[in-house]
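In the working numbering, the protein residues as written are 350 to 584.
Note that CB positions come from ideal geometry on N, CA and C, so glycine has one too.
Shown next, in the form of structure tokens:
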């Protein structure tokens, strides 16, 4: 398992450096199959509101089981996420007391055992990684520790990617706001020169023109600044 773990870490590092959140989670799912000889793996990830959503899976059965938990509002991923703790189900046929609706429905797909790990971040979790087997059984402490470490590393890459994406989005928004401000000033100058009015009056005409015609301020200001459009003179 040591060699497989090193390969999984290396591949995860490569994907984590440049990949999307989806690509990171898909790699984590695929690697988990190899690490613990799982038959299926699925991931649920929390959205900005904290609600779990289907993220990815290794096969249709895993996708069905992950979505089933969301639909029913119960299952190991729901609890692993809420409690930020590992949950093991050696046999789904014995789990009806805890998951009255989920356990029999999941077992009907052919899955019998599960090991569910929270994607832990700080004091909570951002989702859950769910490993599944078609035969009942308990994973050893060493196996659980290995995949738990791998899940923690995958989570770190996901958190970092989200931070980078937010930073990139914010930078783009700030750049667009700056460009819009420059275009507005240029448009105000052209309107004022054309109509013989001051900057405040020119901006009011520009704003009124855009609102009355449901236009994009940035795009119309660019047209005015380039001399391809003009507002109507004041009444």
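Determine the direct distance from the alpha carbon of residue 545 to that of residue 529, and round the result to whole angstroms. As a working mapping, residue 529 is identified with position 180 in the chain shown. As a working mapping, residue 545 is identified with position 196 in the chain shown. Cα to Cα, residue 529 sits roughly 23 Å from residue 545.
Segments of 4+ residues assigned as alpha helix (DSSP H) that fall wholly inside the segment 440-528: 451-456
Roughly how many angstroms lie between the CA atoms of residue 444 and residue 511, to the nearest whole one? Start at 1 with the first residue of the chain shown, and residue 444 comes out as number 95. Start at 1 with the first residue of the chain shown, and residue 511 comes out as number 162. One C-alpha to the other measures close to 35 Å.
Beta-carbon proximity list for residue 590, same chain, < 8 Å, skipping 5 on both sides: Only positions 350 to 584 of the chain appear in this structure, which leaves residue 590 out of reach.
If residue 345 and residue 404 are in contact, beta carbons under 8 Å, what's the gap, nearest whole angstrom? With the chain covering only 350 through 584, there is no way to say anything about residue 345.
Contact the segment 468-476 vs the segment 408-423: 3+ CB pairs below 8 Å: Touching, no.
Inter-residue spacing [alpha-carbon to alpha-carbon] between residue 538 and residue 532: Position 189 of the chain shown holds residue 538. Position 183 of the chain shown holds residue 532. Answer to the nearest angstrom: the Cα atoms are 10 Å apart.
Residues bridged to residue 395 [DSSP beta-bridge criterion]: Start at 1 with the first residue of the chain shown, and residue 395 comes out as number 46. In DSSP, residue 395 forms a bridge with 401.
What residues match up with residue 434 in a beta bridge as DSSP calls it? As a first step, residue 434 is located in the chain shown; it is residue number 85 there, counting from the start. In DSSP, residue 434 forms no bridge with anything.
Using only CA atoms, which one of 472, 438, 496, 360 lies nearest to residue 460? Here residue 460 is taken as the residue at index 111 of the chain shown, counted from 1. Answer by Cα proximity: 438.
Segment contact, 8 Å Cβ cut-off, at least three pairs: the segment 360-378 with the segment 502-511: Yes, they touch.
For residue 488, count the other beta carbons within 10 Å of its own beta carbon; 16 or more makes it buried, fewer makes it exposed. Which is it? Within the chain shown, residue 488 is the residue found at index 139, counting from 1. The residue in question, residue 488, is buried, as its Cβ has 16 or more Cβ neighbours within 10 Å.
Can you tell me whether DSSP reads residue 382 as helix, strand or coil? Your numbering for residue 382 matches position 33 in the chain shown. Of the three classes helix, strand and coil, the one that applies to residue 382 here is helix, per DSSP.
Boundaries of the alpha helix (DSSP H) in which residue 566 is found, first to last residue: One-based indexing of the chain shown puts residue 566 at position 217. It spans 566-574 - the alpha helix (DSSP H) in which residue 566 sits, taken as one unbroken run.
Counting along the chain, where does the alpha helix (DSSP H) carrying residue 559 start and finish? Counting from one through the chain shown, the residue named residue 559 turns up at place 210. Here the alpha helix (DSSP H) through residue 559 covers 548-561.
What's the gap between the Cα of residue 476 and the Cα of residue 550? Walking along the chain shown from the start, residue 476 turns up at place 127. Walking along the chain shown from the start, residue 550 turns up at place 201. About 53 Å.
Spatial neighbours of residue 499 within its chain, please: CB distance less than 8 Å, with the 5 preceding and 5 following residues excluded, ordered by chain position. Here the question's residue 499 lines up with position 150 in the chain shown. Within the same chain, residue 499 has close Cβ partners 354, 357, 358, 361, 377, 380, 381, 384.
Taking the CB atoms as reference points, tell me whether residue 478 and residue 463 lie closer together than 8 Å. Residue numbering aside, residue 478 sits at position 129 when the chain shown is read from its first letter. Residue numbering aside, residue 463 sits at position 114 when the chain shown is read from its first letter. For residue 478 and residue 463, no; Cβs fall outside 8 Å.
With H, G and I counted as helix, E and B as strand and the rest as coil, what does DSSP make of residue 369? As a first step, residue 369 is located in the chain shown; it is residue number 20 there, counting from the start. Correct three-state label for residue 369: coil.
6 Å CB neighbourhood of residue 370 in its chain, flanking five on each side removed: In the chain shown, residue 370 corresponds to position 21, counting from 1. So the list reads 507, 510, once near-sequence residues are dropped.
Please classify residue 571 as buried or exposed, where buried requires at least 16 other C-beta atoms within 10 Å of its C-beta. For the purposes of this step, residue 571 is taken as the residue at position 222 of the chain shown. Buried: at least 16 other Cβ atoms inside 10 Å.
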